[in-house]
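Asker:
There are 2 protein chains.
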Amino acid sequence: MEIISGGVCAPLGFIANGIHCGIRKNKSKRDLALILSSCDCAASAVYTTNKVKGAPLTVTKRHLADGVARAIICNSGNANTCNANGIEVAEYTCAQLAQRLGVEKDKIVVASTGVIGQPLDPTPIVSGLDELIGGLTDDGSQRAAEGIMTTDTVLKEVAVSFNIGGVECKMGGIAKGSGMIHPNMATMLVFITTDCAITSELLDKALKSDIRNSFNMVSVDGDTSTNDCVCVLANGMADNRKITEEGDDFATFMKALNTVTVSLCRMIAADGEGATKMLECKVSGAVDEANAKIIAKSVICSSLVKAAMFGSDANWGRVLCAIGYSGAEVDVSGVGVSFKSRAGEIEVCKDGAGIDFSEDVAKQVLLEDEIVIDITLTDGEATACAWGCDLTYDYVKINGDYRT
Amino acid sequence: MEIISGGVCAPLGFIANGIHCGIRKNKSKRDLALILSSCDCAASAVYTTNKVKGAPLTVTKRHLADGVARAIICNSGNANTCNANGIEVAEYTCAQLAQRLGVEKDKIVVASTGVIGQPLDPTPIVSGLDELIGGLTDDGSQRAAEGIMTTDTVLKEVAVSFNIGGVECKMGGIAKGSGMIHPNMATMLVFITTDCAITSELLDKALKSDIRNSFNMVSVDGDTSTNDCVCVLANGMADNRKITEEGDDFATFMKALNTVTVSLCRMIAADGEGATKMLECKVSGAVDEANAKIIAKSVICSSLVKAAMFGSDANWGRVLCAIGYSGAEVDVSGVGVSFKSRAGEIEVCKDGAGIDFSEDVAKQVLLEDEIVIDITLTDGEATACAWGCDLTYDYVKINGDYRT
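Chain order of the listed sequences is L and Y.
So for the first sequence, this note's numbering puts the first residue at 1252; every next one is plus one.
So for the second sequence, this note's numbering puts the first residue at 1252; every next one is plus one.
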């Protein structure tokens, strides 16, 4: 497997674009993105578990009932959620786009991100469709990625190539997500394309299995958004032998998918609202995977741990505390904790109690911008990994006055 | 029922003191507190549900097995948790105090609060015991309250008088708690005294019932501490007819207890680390009490809601979002939201969707330091209330570098 460039346009047959259509006031910010496949794709998506669901998700779910799609359209600046006519607006957008593309309306995936609770006027979107379609190119992934950004400060894009039965396949993804991100299913907007031939049933299986160890293990602030969606389109244009059952080819596909998703997870965590550091919590020796995940997520979600990491303070007692209240089955007298980064590694807790360590070395380790919180348990063999970020002044600043 | 002064010394037969013994470096901060009853008390306590438990709690639990106590000793500056010899240190402290007071060691309640994971040297505590005991007075509640403060900025003390069978009884409480506070049982240190005569069984019942609607509904930062404890001592010196069964007298006692606990809850929420505003989330119309509580807590715990309140931003979409991911049974299309404060009231959401409202009026309402987030549902008749605070720059500052 190899990391390549091109994002969602890396696979054969996908073109993309992103424009400013006028939903956002700032004209230098793109607010509308489109990804188009030159033929029908097997399609699968997972959605937020929030009971308050964005109207576009309802429409997308309906459109993907048959597992087939051609295009993804997504706006930023308005979540089209908790308003009176959200579903009509989303359907209208799909219909207008479908007509211009000459495809059936139910082959369109639609998504929105931005402020909740305000009506979405479809006028700028529809007025912008000709420009959006006219600008579709096979190097448009970055423009599409820009079109879905909100408080993101970094464009999130990745692609890989992999080999199925001697044929090179490619997979690419773009993502947005910075605040309102929490492990509980699809926790942001992620669009993944691949030219690998795979049935929609197996694509579905791959995605649902993958997110349990990728996007569901990311937390920026504990708030599960109303609009999050991870969608994969597979158009089969690589012409590999089609993946129709579990086995080696499916395993290779899963590995490619996981490379793309974990890569996007790390980008999203690192770009958490106001974040200065990406945190990775690794748990080993847990009694089973479920408990390992509970512990990793509890630590990565703790405001006190997050604030300590911001301050480069090796306050491991807060890690122990977060393990203790996680609800996981764990022998706390067997817990070990180390902090790791490019600058080195420092062990701070053994057998559930503090050990002498150099505060200077700890500070050096924690001053880096990627920190691993390594937790070893004595309960079993299971492992888990979760990603998050530090809690900073800027998180408060960004969220203290987001709308105005 | 009447609010009175005197804190834990308001009831007959209780004296208290707080001194600086030397655990904390800052000599102007008291770090050791003692509350003593002149006779044996019925005693009950509830403890943190965190699996990582402070050593003092283990000792206190043992000592309260018979439901009898005479005194409470508590230090700040070191949590005596996650170290090698915490239980021995806590037992030793109790033994030294008991000897000087001339009471049995197992009548001592012991508690600690402060940094986790460092050994607690009992030397300054034991050296300070004579001064601590020598200074016990019937107006010492404030000194004791100061002795248990950590990052608290405000002393937390309350007392009430109430009437049982024509006899005046009194109840008083002190509390500490500012960070690492979250609804999941005893979420801080709270010591309550009363001269009301009541059996230890009913005292236990009253406390366990009360905390479900008081301390378990407070959240500052979602982190459940390792050392939290709510303890009530009832010495019977008011000489009322003893409360031995549920009925009117018990109901009066419960009401007094709830007045004391909710009052302390509000003080703790208002003094949350870095807080500039106290938030109260009221839920009505829920399908049952359990669901009402889940919703109230989810809203009060949302980082995004908390940051919006800091910025006086009427971003009600985040309230809807927190209701949606709470896991509660709720018809989101029936949700109504209003913000209230001394400055007035503003309705912002009806039937699950936004309504037109004046941003200026909303700002005025939200600029106050006590905000009610009033949520009305259409699912049933149940209500709940939760307390919290805004998320501010200072929370990050306080917790980014707590130890050093």
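Think of the CB as a built atom: it goes at the ideal place given N, C-alpha and C, for glycine as much as any other residue.
Going by CA-CA distance only, name the one from S1577/L, H1271/L and D1522/L that's closest to V1469/L.
Answerer: Position 218 of the first sequence, counted from the start, is the residue given in the question as residue 1469/L. That would be D1522/L, whose Cα lies nearest to the Cα of V1469/L.
Asker: Just to confirm the assignment: which complete alpha helix (DSSP H) runs, minimum length 4, are found wholly within the region 1514-1600 of chain L?
Answerer: For the region 1514-1600 of chain L, whole alpha helix (DSSP H) runs of length 4 or above, ordered along the chain, are 1540-1552, 1554-1561 and 1568-1575.
Asker: Can you say whether T1495/L is buried or exposed, counting buried as having 16 or more other CB atoms within 10 angstroms of its CB?
Answerer: Your numbering for residue 1495/L matches position 244 in the first sequence. Per the 10 Å Cβ criterion, exposed.
Asker: Per DSSP, which one or two residues make a beta bridge with L1283/L?
Answerer: For the purposes of this step, residue 1283/L is taken as residue 32 along the first sequence, with counting starting at 1. Its beta-bridge partners are I1270/L and N1326/L.
Asker: Check for me: the beta strand (DSSP E) holding V1360/L runs from which residue to which?
Answerer: Position 109 of the first sequence, counted from the start, is the residue given in the question as residue 1360/L. First-last of the beta strand (DSSP E) with V1360/L: I1359 to V1366.
Asker: Using C-beta distances below 8 Å, list every residue in its chain close to F1608/L, excluding the 5 sequence neighbours before and after it, in chain order.
Answerer: Stepping through the first sequence from its first residue, residue 1608/L is reached at position 357. Closer than 8 Å at the Cβ level, and outside the excluded window around F1608/L, lie A1565, I1597, E1598 and V1599.
Asker: Determine the DSSP secondary structure at F1608/L, reduced to helix, strand or coil.
Answerer: The residue labelled residue 1608/L in the question sits at position 357 within the first sequence. Of the three classes helix, strand and coil, the one that applies to F1608/L here is coil, per DSSP.
Asker: Buried or exposed: which applies to I1432/L, given that a residue is buried once 16 or more other Cβ atoms fall within 10 Å of its Cβ?
Answerer: As a working note, residue 1432/L is residue 181 in the first sequence. Residue confidence for I1432/L is low, a pLDDT of 49 falling below 50, so the modelled location carries little weight and cannot support an answer.
Asker: Please report the Cβ distance between G1318/Y and A1341/Y, rounded to the nearest whole angstrom; I am assuming they are in contact, meaning their Cβ atoms lie under 8 Å.
Answerer: The residue given as residue 1318/Y occupies position 67 in the second sequence. The residue given as residue 1341/Y occupies position 90 in the second sequence. With 8 Å as the limit, G1318/Y and A1341/Y do not qualify as a contact, their Cβ atoms being about 20 Å apart.
Asker: Would you report the Cα separation of I1255/Y and K1591/L, rounded to the nearest angstrom?
Answerer: Taking the first residue of the second sequence as position 1, residue 1255/Y is located at position 4. Taking the first residue of the first sequence as position 1, residue 1591/L is located at position 340. Taking the straight line joining both Cα atoms gives about 54 Å.
Asker: How close, in whole Å, do the beta carbons of V1647/L and Y1644/Y come, if the pair is a contact with beta carbons under 8 Å?
Answerer: Working through the first sequence from its first residue, we reach residue 1647/L at position 396. Working through the second sequence from its first residue, we reach residue 1644/Y at position 393. At roughly 5 Å, the Cβ-Cβ gap stays under 8 Å, so V1647/L and Y1644/Y are in contact.
Asker: Measure the alpha-carbon distance for V1583/Y versus L1308/L and round it to whole angstroms.
Answerer: For the purposes of this step, residue 1583/Y is taken as the residue at position 332 of the second sequence. For the purposes of this step, residue 1308/L is taken as the residue at position 57 of the first sequence. About 16 Å.
Asker: Kindly say whether C1532/Y, judged by its beta-carbon, lies nearer than 8 Å to any beta-carbon of chain L.
Answerer: Mapped onto the second sequence, residue 1532/Y falls at position 281. No, no contact with chain L.
Asker: Taking only beta-carbon positions, decide if C1480/L is within less than 8 Å of chain Y.
Answerer: By 1-based counting over the first sequence, the position of residue 1480/L is 229. No, C1480/L lies away from the interface with chain Y (no Cβ there is under 8 Å from its Cβ).
Asker: Counting C-beta neighbours from all protein chains within 10 Å, is the total for K1278/L 16 or more, i.e. buried, or is it exposed?
Answerer: Within the first sequence, numbered from 1, the residue matching residue 1278/L stands at position 27. Exposed: under 16 other Cβ atoms inside 10 Å.
Asker: Where E1621/Y and A1335/L are concerned, what is the direct C-alpha to C-alpha distance, given to the nearest angstrom?
Answerer: In the second sequence, the residue the question calls residue 1621/Y occupies position 370. In the first sequence, the residue the question calls residue 1335/L occupies position 84. Cα-Cα distance, rounded: 31 Å.
Asker: Taking all protein chains shown into account, do 16 or more other C-beta atoms lie within 10 angstroms of the C-beta of C1290/Y, making it buried, or fewer, making it exposed?
Answerer: Numbered from 1 along the second sequence, position 39 holds the residue referred to as residue 1290/Y. Exposed is the call here.
Asker: Within the region 1397-1467 of chain Y, note down every full alpha helix (DSSP H) run reaching 4 residues or more, in order along the chain.
Answerer: Listed in chain order, they are 1451-1464.
Asker: In angstroms, rounded to a whole number, what distance separates the CA positions of Q1369/L and T1332/L?
Answerer: In the first sequence, the residue the question calls residue 1369/L occupies position 118. In the first sequence, the residue the question calls residue 1332/L occupies position 81. Using only the alpha carbons, I get a separation of about 7 Å.
Asker: Tell me where the alpha helix (DSSP H) around A1346/L begins and ends.
Answerer: The count along the first sequence starts at 1 and reaches residue 1346/L at position 95. G1337 to L1352 is the span of the alpha helix (DSSP H), which, as asked, contains A1346/L.
Asker: Our contact map puts A1349/Y next to K1356/Y with C-beta atoms below 8 Å; I'd like the distance itself, whole angstroms only.
Answerer: Here residue 1349/Y corresponds to residue number 98 of the second sequence, with the count starting at 1. Here residue 1356/Y corresponds to residue number 105 of the second sequence, with the count starting at 1. That belief holds up - the Cβ atoms of A1349/Y and K1356/Y are roughly 4 Å apart, short of 8 Å.
Asker: Consider the Cβ of T1629/L: report whether some Cβ of chain Y lies at a distance smaller than 8 Å.
Answerer: Here residue 1629/L refers to the residue found at position 378 of the first sequence. Not an interface residue.
Asker: If I measure Cβ to Cβ from C1260/L and keep anything under 7 Å in the same chain, skipping five residues before and after, which residues do I get?
Answerer: Taking the first sequence and counting its residues from 1, the one referred to as residue 1260/L is at position 9. Around C1260/L: I1266, A1267, D1389, D1390, G1391, S1392 and G1423.
Asker: Which chain Y residues are close to T1643/L, counting only those with a beta carbon under 7 Å from its beta carbon?
Answerer: Here residue 1643/L refers to the residue found at position 392 of the first sequence. Result: V1647.
Asker: Taking 6 Å as the limit between beta carbons, can you name the residues of its chain near A1322/Y, skipping five residues before and five after?
Answerer: Sequence index remark: in the second sequence, residue 1322/Y carries index 71 (1-based). These residues qualify, in order along the chain: L1287 and I1359.
Asker: So who's on the other strand from A1293/Y, going by DSSP bridges?
Answerer: Residue numbering aside, residue 1293/Y sits at position 42 when the second sequence is read from its first letter. V1319/Y and A1485/Y.
Asker: Could you work out which residues of chain Y lie near N1467/L, taking near to mean beta carbons separated by less than 8 Å?
Answerer: Reading the first sequence from its first residue, position 216 is the one you call residue 1467/L. Near N1467/L there are no residues of chain Y at all, since even the closest Cβ is about 13 Å away, more than 8 Å.
Asker: Which residues in the same chain as D1461/L place their Cβ atom closer than 6 Å to its Cβ, once the five residues preceding and following it in sequence are excluded?
Answerer: Residue mapping note: residue 1461/L aligns to position 210 of the first sequence, counting from 1. These residues qualify, in order along the chain: L1508, N1509 and T1512.
Asker: Identify, in the order they occur along the chain, each residue of the same chain with its Cβ nearer than 7 Å to the Cβ of L1380/L, setting aside the five sequence neighbours on each side.
Answerer: Locating residue 1380/L in the first sequence gives position 129, where the first residue counts as 1. The residues are Q1347, L1348 and R1351.
Asker: If contact means a Cβ-Cβ distance below 8 Å, which residues of the region 1509-1530 of chain Y contact chain L?
Answerer: Within the region 1509-1530 of chain Y, no residue has a Cβ that lies closer than 8 Å to any Cβ of chain L.
Asker: Buried or exposed for N1435/Y, please, with buried defined as at least 16 other CB atoms from any protein chain shown within 10 angstroms of its CB.
Answerer: Translated into positions along the second sequence, residue 1435/Y becomes position 184. Confidence in N1435/Y is poor, its pLDDT being 34 and thus under 50, which makes the residue's placement unreliable; the coordinate value appears in the next sentence. Its Cβ being crowded by 16 or more others within 10 Å, N1435/Y is buried.
Asker: So what's C1260/Y in DSSP terms, helix, strand or just coil?
Answerer: Locating residue 1260/Y in the second sequence gives position 9, counting from the first residue. Three-state result, C1260/Y: helix.
Asker: Would you call M1400/Y buried or exposed, if buried means 16 or more other Cβ atoms sit within 10 Å of its Cβ?
Answerer: If you number the second sequence from 1, residue 1400/Y lands on position 149. Looking at its Cβ environment, which holds 16 or more other Cβ atoms inside 10 Å, M1400/Y is buried.
Asker: Less than 8 Å separating the beta-carbons of G1428/Y and I1551/Y?
Answerer: As a first step, residue 1428/Y must be located in the second sequence, where it is residue number 177. As a first step, residue 1551/Y must be located in the second sequence, where it is residue number 300. No, Cβ-Cβ distance for G1428/Y and I1551/Y is not below 8 Å.
Asker: Give the DSSP bridge partners of C1333/Y, in chain order.
Answerer: Within the second sequence, residue 1333/Y is the residue found at index 82, counting from 1. Per DSSP, none; premise fails for C1333/Y.
Asker: Beta-carbon of W1638/L versus every beta-carbon of chain Y: anything under 8 Å?
Answerer: On the first sequence, position 387 is the one that residue 1638/L refers to. By this cut-off, W1638/L is not an interface position.
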